[in-house]
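Chains as they are written, first to last, in the UniProt record's numbering: chain A, 1 to 144; chain B, 1 to 144.
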DNA sequence: GTATATACTTGTATTATACAAGTGGAAAGA
DNA sequence: TCTTTCCACTTGTATAATACAAGTATATAC
């Protein structure tokens with residue numbers, strides 16, 4: 001890989017991170033905080049049968065982190081914790097109707113934000129950027 | 001812009017942010033914390049004549065945030081604050097030799113990390129990703 | 001010469017994260 | 001069976017980067 005491309009990615013990644021931090025730290029987008037959004041999204045698309053442990057593995061986050069996020073979502077009524085009938089220690093997390101509505105509303109706001117940012121972009125650029133982002137994120141999983 | 005591309009970018013951006021947060025929060029890269037790196041980089045490439053205020057404007061960060069980052073860099077001996085001869089309130093920040101060395105070392109480590117992640121990527125993909133990232137970051141500045 | 005504006009610092013709060021210790025149920029070995 | 005070890009989860013504590021608000025000292029304007 002060309003040195004110049006590496007340099008650019010390295011620097012721009014740092015800039016992007018700083019910008020995202022600044023934007024998201026104090027402004028909740030909609031009614032979900034940034035962390036809970038991805039958790040809710042995950043639960044919604046998984047049809048709801050996963051416990052804290054499984055999710056923290058997939059997210060590569062500490063269990064305690066996911067535990068708190070789940071507690072936060074539950075306190076807002078966005079998910080319910082259904083006790084596992086077999087294993088008394090475990091739960092499965094399921095999204096509620098309120099949760100679904102909130103997720104949808106949130107997603108919309110976020111997408112509008114992205115859309116606004118990409119106003120001047122061509123169709124091709126947008127598609128490429130999305131795919132490269134996805135590919136980049138996937139590289140993190142490769143290492144274990 | 002196609003709805004699908006927007007969706008992808010929105011989701012992958014959130015995932016990327018979570019991952020970067022997790023990676024960078026507890027592991028300093030080299031001997032600089034993540035925030036100070038960009039400040040030092042900026043000071044280095046600007047040949048050193050900018051004050052806290054000017055930098056915070058460019059970075060779109062609060063003055064207090066940049067003030068603390070600068071104090072941190074100064075305490076490590078990476079920058080010096082030269083009092084403005086005309087304006088008694090103002091300083092200009094200049095990188096020291098130690099600072100230059102630290103920046104360079106840090107940059108190297110970061111670039112190796114990126115290089116490692118992009119091992120399987122083609123030349124073209126890397127170049128495109130870098131340029132699209134840069135373009136995306138630039139969109140934030142457009143709005144003011 | 002007083003009032004206002006500006007550059008910067010410092011106090012305090014917030015967020016998402018990790019690590020460590022604790023709780024209570026499950027599984028395995030004697 | 002019962003004791004030990006393991007596992008899912010929760011809770012306490014620390015950390016880092018940010019913002020807002022209040023404070024300090026200097027500059028500028030009237």
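Note that beta-carbon positions come from the ideal geometry of N, C-alpha and C, so glycine has one too.
Members of the stretch 15-39 of chain A that neighbour chain B once the beta carbon cut-off is set at 9 Å: 15, 16, 17, 18, 19, 20, 21, 22, 23, 24, 34, 35, 37, 38
Mind checking whether residue 1 of chain B and residue 123 of chain A have CB atoms under 9 Å apart? The residue labelled residue 1 of chain B in the question sits at position 1 within the second chain. The residue labelled residue 123 of chain A in the question sits at position 123 within the first chain. Yes.
Can you tell me the Cα-Cα spacing of residue 78 of chain B and residue 100 of chain B, whole angstroms? Stepping through the second chain from its first residue, residue 78 of chain B is reached at position 78. Stepping through the second chain from its first residue, residue 100 of chain B is reached at position 100. Using only the alpha carbons, I get a separation of about 7 Å.
When the Cα of residue 61 of chain A is compared with those of B/81, B/18, B/73, which residue comes out closest? Here the question's residue 61 of chain A lines up with position 61 in the first chain. Closest option to residue 61 of chain A, Cα to Cα, is B/18.
Is it buried or exposed for residue 6 of chain B, if we count other Cβ within 10 angstroms and need 16 for buried? Counted from its first residue, the second chain places residue 6 of chain B at position 6. Buried, since its Cβ has 16 or more Cβ neighbours within 10 Å.
If we count the other Cβ atoms within 10 Å of its Cβ and call it buried at 16 or more, is residue 15 of chain A buried or exposed? Within the first chain, the letter at position 15 stands for residue 15 of chain A. Classification of residue 15 of chain A: buried, given that the 10 Å Cβ count is 16 or more.
Measuring alpha carbon to alpha carbon, tell me which residue in B/107, B/22, B/39 is nearest residue 4 of chain A. By 1-based counting over the first chain, the position of residue 4 of chain A is 4. Answer by Cα proximity: B/107.
Apply the 10 Å Cβ neighbour rule to residue 110 of chain A and answer buried if 16 or more other Cβ atoms are within range, or exposed otherwise. By 1-based counting over the first chain, the position of residue 110 of chain A is 110. By the 10 Å Cβ count, residue 110 of chain A comes out buried.
In angstroms, rounded to a whole number, what distance separates the CA positions of residue 12 of chain B and residue 84 of chain B? Taking the second chain and counting its residues from 1, the one referred to as residue 12 of chain B is at position 12. Taking the second chain and counting its residues from 1, the one referred to as residue 84 of chain B is at position 84. In a straight line, the C-alpha of residue 12 of chain B is about 45 Å away from that of residue 84 of chain B.
Could you list which residues in chain A have their beta carbon closer than 7 Å to that of residue 5 of chain B, in chain order? As a first step, residue 5 of chain B must be located in the second chain, where it is residue number 5. For a Cβ distance threshold of 7 Å, residue set 126, 127, 130 of chain A lies close to residue 5 of chain B, ordered along the chain.
Quick one, are the C-beta atoms of residue 92 of chain B and residue 81 of chain B less than 9 Å apart? As a working note, residue 92 of chain B is residue 92 in the second chain. As a working note, residue 81 of chain B is residue 81 in the second chain. Closer than 9 Å, so yes.
Considering only residues of the UniProt domain "HTH marR-type" (1-138) of chain A, which uninterrupted beta strand (DSSP E) runs meet the minimum length of 3 residues and lie entirely inside it, listed in chain order? 79-83, 91-95
Do the CB positions of residue 66 of chain A and residue 56 of chain A come within less than 9 Å of each other? Within the first chain, numbered from 1, the residue matching residue 66 of chain A stands at position 66. Within the first chain, numbered from 1, the residue matching residue 56 of chain A stands at position 56. Residue 56 of chain A sits close to residue 66 of chain A, with the two beta carbons spaced by under 9 Å.
Mapping DSSP to helix, strand and coil, what is residue 141 of chain B? Within the second chain, residue 141 of chain B is the residue found at index 141, counting from 1. Note: residue 141 of chain B maps to helix in three-state DSSP.
So which residues of chain B does residue 104 of chain A contact, with C-beta pairs closer than 9 Å? Sequence index remark: in the first chain, residue 104 of chain A carries index 104 (1-based). By Cβ distance, chain B contributes nothing, its closest Cβ being about 12 Å from residue 104 of chain A, past 9 Å.
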